[in-house]
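Enquirer: Have a look at this one before I ask anything.
Residue numbers (the numbering used here): 230 to 328.
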C-alpha cells in the first residue's frame, strides 16, 4: 500500500456506511453481510491492502465450510484487535440515531 491509502478495515467501514446510507440510515445485517462478501470475493481487487486480519480469514473459512453468513464470525487469538473496532463507530452511530 502507498502512504495515505485506506486499509482493508477502513474500506469495510466505508462499505458499512454505504449500506447504512442506502437504507435511509438504518443498519441491515443481511444487506451488509452480502455487500461484505461481494466486496471481499470480487474478481477484481477492490482494495490495495495485502493483509487481512484473522477475523476476516475466520469469517471466510467458516463460510467456505458451509455455515450461513450470519453465523460465520469467529473468535481467534486477536479478534479483539483495533482493526476490528473500525466499523463499530458507524454501526453504533446508526443504531443510536435510528431510535
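Cβ atoms here follow ideal geometry from the backbone N, Cα and C, with glycine treated the same way.
Hey, quick one: how far does the alpha helix (DSSP H) through residue 272 stretch, first residue to last?
Expert: Careful: residue 272 lies outside any alpha helix (DSSP H) and carries neither H nor E.
Enquirer: Can you grab the Cα-Cα spacing for the pair residue 325 / residue 258, in whole Å?
Expert: Looking at the two C-alpha atoms, the distance is approximately 16 Å.
Enquirer: Do residue 284 and residue 316 have their beta-carbon atoms positioned less than 8 Å apart in this structure?
Expert: Cβ atoms of residue 316 and residue 284: not closer than 8 Å.
Enquirer: Cα separation between residue 282 and residue 312?
Expert: One C-alpha to the other measures close to 8 Å.
Enquirer: State the start and end residues of the unbroken alpha helix (DSSP H) segment that holds residue 277.
Expert: Unbroken run through residue 277: none, as it is neither H nor E.
Enquirer: So, at 6 Å on beta carbons, what are the nonlocal neighbours of residue 249 in its own chain, with the 5 sequence-adjacent residues on each side left out?
Expert: Here the set comprises 256, 323.
Enquirer: Specify the secondary structure class of residue 296 as computed by DSSP and reduced to three states.
Expert: Looking at residue 296 - three-state DSSP - the assignment turns out to be coil, as it is neither helix nor strand.
Enquirer: DSSP three-state call for residue 241: helix, strand or coil?
Expert: Residue 241 falls in the helix class under three-state DSSP.
Enquirer: For residue 289 and residue 299, I'd like the C-alpha separation in whole angstroms.
Expert: Their backbone Cα atoms lie some 12 Å apart in a straight line.
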